[in-house]
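To start, the structure under review is shown below, and the notes come after it.
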């Protein structure tokens, strides 16, 4: 376990705000040399701290009107079962590309798995939920307790969202609280 250095944290924060920034622009903002930024960025990528560079579109302008947060209760399973569900999920994703934002295991609310996904409309969401609960997902059906699957739907066209999806707030938090919130990571 290693604590991220101040410069590393600042670079990550700047990349979270604008992943299109060039190393030269980042160096100027961080007040270091461009080769320093290039070396540091390469190391953060190699170590898997920076996983990918992306942008966040306005999903409603891409035709997605709903975002769902689906909470799933999994049946008790062995480590082999967990590996099987991961394999089946990857296989399914290769067969049927779905607009997922994330699928992650966790704990809370009596559930074990959270999924964030986008849907064109309510009918598409219902079809998606039926797929989860029925034969299209038969390889994973044994693992999912369908009676304990719940969702929260977000209307992406609703104009009064408190805070839209962004990483800028996390980046600002990291920069303003970097000393008291030093991040410890596996290297």
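Numbering (the numbering used here), first residue to last: 826 to 1012. Where is the CB? At the ideal position from N, CA and C, for every residue including glycine. Quantities reported herein were computed from a predicted structural model and do not represent experimental measurements.
Does the distance from the C-beta atom of residue 943 to that of residue 889 stay below 7 angstroms?
The sequence position of residue 943 within the chain shown is 118, counting from 1. The sequence position of residue 889 within the chain shown is 64, counting from 1. For residue 943 and residue 889, yes; Cβs fall inside 7 angstroms.
Kindly list the residues whose CB is nearer than 6 angstroms to the CB of residue 895, restricted to its own chain and excluding five residues on each side of it in sequence; keep chain order.
Start at 1 with the first residue of the chain shown, and residue 895 comes out as number 70. 940 and 976, listed in sequence order.
Is the distance from the Cβ of residue 881 to the Cβ of residue 990 below 7 angstroms?
As a first step, residue 881 must be located in the chain shown, where it is residue number 56. As a first step, residue 990 must be located in the chain shown, where it is residue number 165. It is a contact, given that the beta carbons lie within the stated cut-off.
Just to confirm, are residue 842 and residue 949 a CB contact at a threshold of 7 angstroms?
Position 17 of the chain shown, counted from the first residue, corresponds to residue 842. Position 124 of the chain shown, counted from the first residue, corresponds to residue 949. No. Outside cutoff.
Between which two residues does the alpha helix (DSSP H) carrying residue 937 extend?
On the chain shown, residue 937 is found 112 positions in, with the first residue counted as 1. Unbroken run through residue 937 is the beta strand (DSSP E), 936–944; no alpha helix (DSSP H).
Secondary structure at residue 905, three-state DSSP: helix, strand or coil?
Residue 905 sits at position 80 when you count from the first residue of the chain shown. Correct three-state label for residue 905: helix.
Does residue 826 come out as helix, strand or coil in the three-state DSSP assignment?
Position 1 of the chain shown, counted from the first residue, corresponds to residue 826. At residue 826, the pLDDT of 38 sits below 50, so the modelled position is not reliable and the matter cannot be decided from this model.
Give me the Cα-Cα distance between residue 838 and residue 868, rounded to the nearest whole angstrom.
As a position in the chain shown, residue 838 is number 13, starting the count at 1. As a position in the chain shown, residue 868 is number 43, starting the count at 1. Rounded to the nearest angstrom, the two C-alpha atoms are 16 angstroms apart.
Proximal residues to residue 982 (C-beta, below 7 angstroms), its chain only, five neighbours per side dropped:
Position 157 of the chain shown holds residue 982. The answer, listed in chain order, is 885 and 890.
Residue 968 classed as buried or exposed, judged by whether at least 16 other C-beta atoms fall within 10 angstroms:
One-based indexing of the chain shown puts residue 968 at position 143. By the neighbour-count rule (16 or more Cβ atoms within 10 Å), residue 968 is buried.
Beta-carbon within less than 6 angstroms of residue 840's beta-carbon, same chain only, minus the 5 sequence neighbours each way: which residues are those?
If you number the chain shown from 1, residue 840 lands on position 15. Correct list: empty, nothing qualifies.
Alpha carbon to alpha carbon, how far is residue 938 from residue 902?
As a first step, residue 938 must be located in the chain shown, where it is residue number 113. As a first step, residue 902 must be located in the chain shown, where it is residue number 77. Rounded to whole angstroms, residue 938 to residue 902 spans 13 angstroms at the Cα level.
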